[in-house]
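Heads up, the sequence shown is in the numbering used here, so the first residue is 130 and it goes up one at a time.
Since the structure comes first, as structure tokens, the remarks are kept for the end.
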Amino acid sequence: MITDQLLRPASIVVVGASNNVHKPGGAILRNLINGSYSGELRAVNPKETEIQGITAYAGVQDIPDTDLAILAIPASMCPDTVEVLAAEKQVRAFIILSAGFGEETREGALLENRILETVNKYGAALIGPNCIGLMNTWHHSVFSQPIPQLHPQGVDLISSSGATAVFLLESAVTKGLQFNSVWSVGNAKQIGVEDVLQYMDENFHPDEDSKIKLLYIESIADPDRLLFHASSLIKKGCKIAAIKAGSSESGSRAASSHTGAIASSDSAVEALFRKAGIVRCFSREELTTAGCIFTLPELKGKNFAIITHAGGPGVMLTDALSKGGLNVPKLEGAVADELKSKLFPGAAVGNPIDILATGTPEHLRLCLEYCEEKFDDIDAVLAIFGTPGLVTMFEMYDVLHEKMLTCRKPIFPILPSINTAGAEVAAFLAKGHVNFADEVTLGTALSRIMNAPKPAANEIELFGVDVPRIRRIIDSIPADGYIEPHYVQALLRSAGIPVVEEFVSARKEEVLAFAHRTGFPVVAKVVGPVHKSDVGGVVLNITGEQHLAFEFDRMMQIPEVTGILVQPMLKGTELFIGAKYEEKFGHVVLCGLGGIFVEVLKDVSSGLAPLSYEEAYSMIRSLRAYKIIKGTRGQKGVNEDKFAEIIVRLSTLLRFATEIKEMDINPLLATEKQVTAVDARIRIEKK
């Protein structure tokens with residue numbers, strides 16, 4: 130629980146305080162003093178009577194009643210100390226910096242549990258243990274450096290790792306990013322990332338609170354709660370970017386389906402972030418860059434102008450934006466010619482706009498004004514200006530400062546010379562601006578932000594899905610494992626998913642009769658082995674009775690084969706949909722191109738069931754192969770609406786058949802008119 134005593138304590142005691150600022154107890158006291166904490170500040174150290182000018186007490190039993198206690202003492206001493214402070218000194222908030230708890234040993238975990246029991250008994254808040262502390266505009270209860278500029282409209286940073294929080298602050302401070310609060314939750318014994326987000330959501334004041342949240346997450350204890358409160362904050366006008374560390378897997382798990390081979394906990398994280406509307410980042414630089422972008426006016430479109438006096442960075446930035454699906458449109462025509470005539474000979478205006486190394490501040494002003502007033506198809510401007518060390522940049526940066534205050538289109542300052550023009554950059558940041566020193570990192574972060582979907586709607590699409598029949602089918606399946614083809618067909622049909630007509634039998638004459646009725650060519654597949662292709666158990670384009678009879682006899686000799694499935698031979702683009710149940714997250718739905726491309730290219734996108742139509746379209750359009758789906762180079766595209774509909778219907782099926790743990794439909798054969806499930810596998814666990 131998060132209490133007022135934690136956020137706005139009237140009094141703070143540092144237990145284990147020290148005059149040595151290289152120790153946590155000394156550093157945190159120094160930061161509290163230097164941060165101009167206005168409440169009563171106390172210290173506990175049996176060897177001192179005064180520490181850093183603050184009155185020191187011999188033991189916690191000697192202090193007056195206090196709101197917040199910060200513990201920088203050995204782990205073994207913490208449980209008894211917490212008990213005394215909570216029971217006798219009315220402490221209702223604790224920050225425990227000490228390590229040596231559940232992150233190390235079983236004995237440490239027992240100490241942690243004793244502390245949790247005590248703080249919960251007295252209704253107190255607990256940050257940690259094993260953290261760097263908590264910092265906000267009220268008090269700087271951290272032992273680390275740097276201390277960033279703190280402002281009520283600055284960024285809220287919530288980090289599972291104290292060291293990572295420090296490194297994020299290092300990255301952010303050099304960019305000029307201001308903070309409202311920094312939370313290091315450590316072992317998160319009581320308060321974790323989800324708890325902080327919940328508090329921020331439930332106590333959100335749009336006119337007072339920060340609207341930017343940056344998260345570094347090592348473990349998602351409660352995905353549903355994270356999803357609910359993150360999406361709620363975003364719907365209230367906040368922007369959230371996050372790193373989820375530890376999502377990859379060392380070595381591939383044994384998997385019996387395409388979905389199992391490519392799905393992982395990382396797919397679940399991707400799906401969760403997509404559903405919530407969280408911008409996913411993969412490095413500290415990306416995360417702090419995203420935070421800086423969030424401080425600027427919101428982008429209204431994807432068309433960017435680049436103004437620079439250095440050709441190379443402009444080209445690299447153009448590449449980064451284009452790779453992320455953003456546009457650097459060519460500037461041409463009378464207006465472009467007019468601008469070019471006002472610049473030095475040799476300048477280029479095609480976009481990037483290169484005013485040359487000799488370009489003046491007035492040239493920069495002119496280009497910014499043309500982008501603002503005359504180039505109507507430009508939505509934002511990226512200005513790259515450093516120095517070779519021959520001139521000062523104060524006037525150039527003054528122009529940027531002036532235009533960033535007056536232009537309605539966002540201007541992104543890229544000032545790479547943080548050493549050579551350090552004084553000029555520092556003066557620019559001191560005016561309240563941010564700086565993007567690396568153009569490629571900025572381009573990547575912009576792409577992630579512009580391509581992040583909005584939070585998904587919570588409604589479940591039920592139209593055309595026969596939920597009672599789905600439950601009857603699931604309940605009638607006799608055993609766990611991969612279910613027989615007729616159950617698969619029945620479940621897909623109950624969800625309204627089009628399936629190809631098929632017939633299974635171990636009797637040759639019945640298989641031949643079905644093929645005669647539907648017409649040749651047909652496809653024959655073995656029933657039994659999971660990976661049919663690997664055992665020679667799939668034959669396409671069987672054109673006649675004799676050919677089918679031969680293949681029937683051959684395939685029935687394959688080990689573990691119990692029958693032969695035959696279906697009409699359809700044509701179309703091969704697509705794929707799969708799903709896998711992830712503990713805590715629920716079903717992760719995947720889509721992409723089908724056939725062998727699923728595991729070879731691994732070009733799949735993920736979503737968290739149940740899915741809306743908007744989410745399904747977002748998944749499809751985020752694929753690298755989307756051009757194939759849409760149609761390219763004279764090739765007709767597939768019916769995207771039908772593809773999205775099947776994704777939604779499948780996600781609804783999974784919502785009401787949680788016994789399904791793994792499945793894929795591969796391929797779906799798609800044309801411009803129809804999308805049909807040709808082959809599917811479903812594995813259930815009822816236990």
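For each residue, glycine too, the CB sits at the ideal point set by N, CA and C.
Just so we're clear, the structure is a prediction, and the values are computed from it rather than from any experiment.
Taking residue i as the reference, which of the options has the closest Cα?
| i | options | result |
| --- | --- | --- |
| residue 418 | 371, 457 and 402 | 371 |
| residue 818 | 375, 308, 199 and 334 | No information on residue 818 is available, as it lies outside the stretch 130 to 816 that the chain covers here. |
| residue 545 | 771, 596, 443 and 703 | 443 |
| residue 303 | 216, 555 and 491 | 555 |
| residue 733 | 459, 721, 367 and 749 | 721 |
| residue 579 | 509, 638 and 597 | 509 |
| residue 321 | 292, 130, 615 and 293 | 130 |
| residue 316 | 540, 339 and 350 | 350 |
| residue 454 | 135, 803 and 751 | 751 |
| residue 691 | 727, 633, 712 and 647 | 633 |
| residue 458 | 552, 472, 431 and 758 | 431 |
| residue 413 | 403, 343, 445 and 434 | 343 |
| residue 529 | 520, 561 and 504 | 561 |
| residue 440 | 639, 484, 415 and 174 | 484 |
| residue 336 | 311, 282 and 314 | 282 |
| residue 574 | 369, 331, 730 and 257 | 369 |
| residue 365 | 583, 746 and 793 | 583 |
| residue 270 | 312, 710, 299 and 300 | 312 |
| residue 728 | 712, 737 and 707 | 707 |
| residue 359 | 394, 375, 487 and 402 | 402 |
| residue 273 | 717, 159 and 326 | 159 |
Could you round the C-beta distance between residue i and residue j to whole angstroms and report it? I think they count as a contact, below 8 Å.
| i | j | result |
| --- | --- | --- |
| residue 656 | residue 694 | 5 Å |
| residue 800 | residue 767 | 6 Å |
| residue 437 | residue 474 | Not confirmed; about 17 Å, so no contact. |
| residue 677 | residue 576 | Between residue 576 and residue 677 the Cβ distance is about 51 Å, and since that is not below 8 Å, they are no contact. |
| residue 224 | residue 263 | 6 Å |
| residue 810 | residue 611 | 6 Å |
| residue 446 | residue 513 | 7 Å |
| residue 400 | residue 737 | 4 Å |
For residue i, which residues of its own chain have a beta-carbon under 6 Å away from its beta-carbon, when the five flanking residues on both sides are left out?
| i | result |
| --- | --- |
| residue 382 | Any reading at residue 382 is ruled out, since the residue's pLDDT is 41, under 50, leaving its predicted position unreliable. |
| residue 140 | 168, 169, 195 and 196 |
| residue 183 | 170 and 172 |
| residue 586 | 741 |
| residue 620 | 602 |
| residue 468 | 478 and 499 |
| residue 807 | 629, 796 and 798 |
| residue 251 | 215 |
| residue 516 | 522, 546, 549 and 550 |
| residue 177 | 185 |
| residue 664 | 658 and 687 |
So what does DSSP say about residue i, is it helix, strand or coil?
| i | result |
| --- | --- |
| residue 720 | strand |
| residue 363 | helix |
| residue 289 | coil |
| residue 255 | strand |
| residue 174 | coil |
| residue 810 | strand |
| residue 342 | strand |
| residue 645 | helix |
| residue 707 | strand |
| residue 432 | strand |
| residue 137 | coil |
| residue 334 | coil |
| residue 149 | coil |
| residue 166 | coil |
| residue 438 | coil |
| residue 279 | strand |
| residue 387 | Confidence in residue 387 is poor, its pLDDT being 41 and thus under 50, which makes the residue's placement too unreliable to answer from. |
| residue 588 | coil |
Please tell me whether residue i has its Cβ less than 8 Å away from any Cβ of chain D.
| i | result |
| --- | --- |
| residue 407 | In summary, chain D is missing from the structure at hand, where a single protein chain is found. |
Apart from the five residues on each side of it in sequence, which residues of its chain come closer than 7 Å, Cβ to Cβ, to residue i?
| i | result |
| --- | --- |
| residue 202 | 144, 145, 210 and 227 |
| residue 781 | 589, 590, 591, 594, 624 and 739 |
| residue 815 | 609 and 788 |
| residue 421 | 304, 306, 563 and 565 |
Is residue i near the ligand GDP, with its Cβ less than 7 Å from a heavy atom?
| i | result |
| --- | --- |
| residue 801 | Looking at this structure, you won't find the ligand GDP or any other ligand, since it has none at all. |
Sorted by chain position, which residues of the same chain lie with C-beta nearer than 8 Å to residue i's C-beta, five sequence neighbours on each side aside?
| i | result |
| --- | --- |
| residue 600 | 785 and 786 |
| residue 614 | 631, 633, 656 and 694 |
Enumerate, from N- to C-terminal direction, the unbroken alpha helix (DSSP H) stretches of 4 or more residues contained entirely within the region 476-517.
For the region 476-517, whole alpha helix (DSSP H) runs of length 4 or above, ordered along the chain, are 490-502.
Just to confirm the assignment: which complete beta strand (DSSP E) runs, minimum length 3, are found wholly within the region 184-253?
Whole beta strand (DSSP E) segments, 3+ residues: 197-200 and 222-225.
What residue ranges within the region 730-804 form continuous beta strand (DSSP E) runs of no fewer than 3 residues, ordered along the chain?
Within the region 730-804, the complete beta strand (DSSP E) segments of 3 residues or longer fall at 733-737 and 789-799, listed in chain order.
Uninterrupted beta strand (DSSP E) stretches inside the region 614-669 (no shorter than 3 residues):
The region 614-669 contains, as complete beta strand (DSSP E) runs of 3+ residues, the segments 632-634 and 651-656 (chain order).
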